[in-house]
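J.: Using my numbering, you'd call the opening residue of the sequence shown number 7 and step up by one each time.
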Amino acid sequence: MTKHKINTEPHVYLENGADHQGAPAGADDEQAERPTVTVLGAGMMGKGMIHNLQQAGFPLRLYNRTLQTLHGLATEQDVICATPCEAAQGAEVILSVITDDAAHQAVWFGPQGAIHGAAAGAVGLECSTLSVPCIEAWRDALHERGLIPIDSPTTGNRAGAEAGTLNLFLGGDPDAITAIRPVLAAISCQQFHFGPTGSGTRFKLLYNLFTGTMLVALGEAVGMAQTFGLDLQQVVDTMEATGFAIRNLKDKGQKMIDGRHDEVFSKLSILHKDMACAIQSADPQASFPVGEQAAERLRQAVHSGFGSLDVSATSLLYLPDSRFKKIVSIPKKRMPL
Numbered sequence: 007m008t009k010h011k012i013n014t015e016p017h018v019y020l021e022n023g024a025d026h027q028g029a030p031a032g033a034d035d036e037q038a039e040r041p042t043v044t045v046l047g048a049g050m051m052g053k054g055m056i057h058n059l060q061q062a063g064f065p066l067r068l069y070n071r072t073l074q075t076l077h078g079l080a081t082e083q084d085v086i087c088a089t090p091c092e093a094a095q096g097a098e099v100i101l102s103v104i105t106d107d108a109a110h111q112a113v114w115f116g117p118q119g120a121i122h123g124a125a126a127g128a129v130g131l132e133c134s135t136l137s138v139p140c141i142e143a144w145r146d147a148l149h150e151r152g153l154i155p156i157d158s159p160t161t162g163n164r165a166g167a168e169a170g171t172l173n174l175f176l177g178g179d180p181d182a183i184t185a186i187r188p189v190l191a192a193i194s195c196q197q198f199h200f201g202p203t204g205s206g207t208r209f210k211l212l213y214n215l216f217t218g219t220m221l222v223a224l225g226e227a228v229g230m231a232q233t234f235g236l237d238l239q240q241v242v243d244t245m246e247a248t249g250f251a252i253r254n255l256k257d258k259g260q261k262m263i264d265g266r267h268d269e270v271f272s273k274l275s276i277l278h279k280d281m282a283c284a285i286q287s288a289d290p291q292a293s294f295p296v297g298e299q300a301a302e303r304l305r306q307a308v309h310s311g312f313g314s315l316d317v318s319a320t321s322l323l324y325l326p327d328s329r330f331k332k333i334v335s336i337p338k339k340r341m342p343l
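1) Put Glu98 into one of helix, strand or coil per three-state DSSP.
2) Do three or more CB pairs link the stretch 154-161 to the stretch 126-135 at distances below 8 Å?
3) Whole-angstrom Cβ separation of Tyr324 and Gly225, contact assumed at under 8 Å?
4) Hey, Ala319 and Ala301 are a contact pair by Cβ (cut 8 Å); roughly how many whole angstroms apart?
5) Taking the alpha carbon of Val189 as the reference point, which residue from Gly63, Gly49, Met51 has its own alpha carbon closest?
6) Looking only at its chain, what residues have a beta carbon closer than 8 Å to the beta carbon of Glu388, apart from the 5 residues adjacent to it on each side?
7) Along the chain, where does the alpha helix (DSSP H) containing Gln240 start, and where does it finish?
8) Report yes or no: do three or more beta-carbon pairs, one from the stretch 234-246 and one from the stretch 160-174, lie closer than 8 Å?
9) Are Gly259 and Val242 close, meaning C-beta to C-beta below 7 Å?
10) Sort out for me which residues DSSP pairs Pro155 with in a bridge.
11) Compute the Euclidean distance between the alpha carbons of Pro16 and Ser194, then round it to the nearest angstrom.
12) Give me, in chain order, the residues of the same chain whose beta-carbon lies closer than 6 Å to that of Ala94; leave out the 5 immediate sequence neighbours on both sides.
13) To test your reading of the DSSP string, which unbroken alpha helix (DSSP H) runs of 4 or more residues are found completely within the stretch 173-207?
14) Give the single residue among Ala109, Pro139, Ala147, Glu142 whose Cα lies nearest to the Cα of Ala126.
15) If we ignore side chains and look at the alpha-carbon of each, how far apart do Trp114 and Arg266 end up?
16) Assuming Leu68 and Ile56 make a contact with CB atoms under 8 Å, what is their CB distance in whole Å?
17) Leaving out five residues before and five after Gly52 in sequence, what residues of the same chain have Cβ atoms less than 7 Å from its Cβ?
18) Relative to the C-alpha of Arg305, which residue among Thr171, Leu73, Thr72, His278 is closest?
19) With 16 other CB atoms within 10 Å as the buried threshold, where does Leu136 fall?
20) Where does Arg67 fall in DSSP's three states?
21) Using three-state DSSP, classify Thr171 as helix, strand or coil.
22) Run the CB neighbour count on Gln197, radius 10 Å, all protein chains shown included, and call it buried at 16 or more, exposed below.
23) Do you know offhand how far Ala307's Cα is from Thr171's?
24) DSSP has Lys273 in a bridge; who is on the other side?
25) Terminal residues of the continuous beta strand (DSSP E) containing Leu46?
26) Taking only the alpha-carbon atoms, compute the straight-line gap between Gly96 and Pro41 and give it to the nearest angstrom.
27) Return the first residue and the last residue of the alpha helix (DSSP H) that Pro295 is part of.
28) Could you check what DSSP says for Thr160 in three-state terms: helix, strand or coil?
29) Given this structure, state the Cα-to-Cα distance separating Thr81 from Pro65, to the nearest angstrom.
30) Taking all protein chains shown into account, decide if Gly218 is buried (16 or more other Cβ within 10 angstroms of its Cβ) or exposed.
31) If I follow the unbroken alpha helix (DSSP H) through Leu148, where does it start and stop?
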């Protein structure tokens, strides 16, 4: 398979699992006129993306449901737009980063949706994590209008968005991805291309299913450590020191111990939504009991009032904290030994 370089060193480009180190951008890349970029959404992730696109010199057209948010973000070179349709006008890249399928539907296909203002040939860059049916319908609608759809859900949370070090999981035409390389490089440190439009979303859903399952297991392990009378800090430090040094352990494990769940980098409700999308998008004839049980635990956490907290709040199912809303009673079932 031909590999297309879509990023500049040290960004790593992976296509279908094979790694490729991108070559440095040439002088022409540095001097090329920056395309106009529309950003739809200025939430936790969108704010950081906007800042990094500004730093990279892109002219921006901005839309957010709450326009007041944009007044603290926009520079003199940016255009604040009242509707997604207006924001999409004249843009070569239309980047969307919103919460869920419903918000996506409204911002793209509502009466004043972006699709009504976008010019043929513009690239739609959907950075939200959505369901597979939603992203496929979006892909088809953009193709019908002569637009180029690229799905690019991200990982790296708020800190990554602010630092411009997100990971992008891409699905779309390789040449189109190459064409928007400077935009991708401004908001990310790594880009992984999985195939046609929709492939990035499929990977992100299974990625978040794995992440959520690990977080539930981590919260459960920390809760069990407390019942054993072990020092929680020592438990987390030892697990990390003996090889379990994943980011979730070092970061989320510490937040679980400290109870800093209101310092939000990734909302628990969003992770639950993504896990539910993964389960719903899977082959109905297949069984995924571990992921389903983890998703159910996250559902319980959301329904207990923890949805707006950080994903580390999964531990509140096992480590009740008086600073947060009391959890609902969860029936205890034990497997026979």
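Glycine included, C-beta positions come from ideal geometry on N, C-alpha and C.
All values reported here derive from a predicted model rather than from experimental measurement.
T.: The answer reads as follows:
1) In the structure shown, Glu98 sits in coil (DSSP, three-state: anything other than H, G, I, E or B).
2) Remark: three or more beta-carbon pairs, one from each stretch, lie closer than 8 Å, so the stretch 154-161 and the stretch 126-135 are flagged as touching.
3) Sure, about 6 Å apart at Cβ, within 8 Å.
4) In fact, because the Cβ distance is near 15 Å, the residues do not count as touching under 8 Å.
5) It is Gly63 whose Cα lies nearest to the Cα of Val189.
6) The requested residue 388 does not occur in the structure, where the chain is confined to residues 7 to 343.
7) First-last of the alpha helix (DSSP H) with Gln240: 238-247.
8) No, the stretch 234-246 is not in contact with the stretch 160-174.
9) In contact: Gly259 and Val242 (Cβ atoms closer than 7 Å).
10) Beta-bridge pairing by DSSP links Pro155 to Gly130.
11) Residue placement at Pro16 is poorly supported in this model, since its pLDDT is 30, which falls under 50; the coordinates are not used for a value here.
12) Thr44, Ile100, Ala120, Gly123, Ala124, listed in sequence order.
13) If one requires a minimum length of 4 residues, the alpha helix (DSSP H) runs lying completely within the stretch 173-207 are 180-185, 187-193, in chain order.
14) The residue among Ala109, Pro139, Ala147, Glu142 with its C-alpha nearest the C-alpha of Ala126 is Ala147.
15) Looking at the two C-alpha atoms, the distance is approximately 36 Å.
16) Contact holds; Cβ gap of about 7 Å.
17) Closer than 7 Å at Cβ, skipping near neighbours: Val45, Val103.
18) Per the Cα distances, His278.
19) Counting the other Cβ atoms within 10 Å of the Cβ of Leu136 gives 16 or more, which makes it buried.
20) It is a strand residue.
21) DSSP places Thr171 in coil when its eight states are reduced to three.
22) Using a 10 angstroms sphere on the CB of Gln197, the tally of other CB atoms reaches 16 or more, which defines it as buried.
23) Rounded to the nearest angstrom, the two C-alpha atoms are 29 Å apart.
24) Beta-bridge annotation (DSSP): Lys273 is paired with Asp316.
25) For Leu46, the uninterrupted beta strand (DSSP E) segment begins and ends at 43-46.
26) Cα to Cα, Gly96 sits roughly 10 Å from Pro41.
27) From DSSP, the alpha helix (DSSP H) with Pro295 extends over 295-307.
28) DSSP places Thr160 in strand when its eight states are reduced to three.
29) If you draw a straight line from the Cα of Thr81 to the Cα of Pro65, it is about 10 Å long.
30) When all chains shown are included, Gly218 counts as buried.
31) Looking at the DSSP string, the run of the alpha helix (DSSP H) that includes Leu148 is 138-150.
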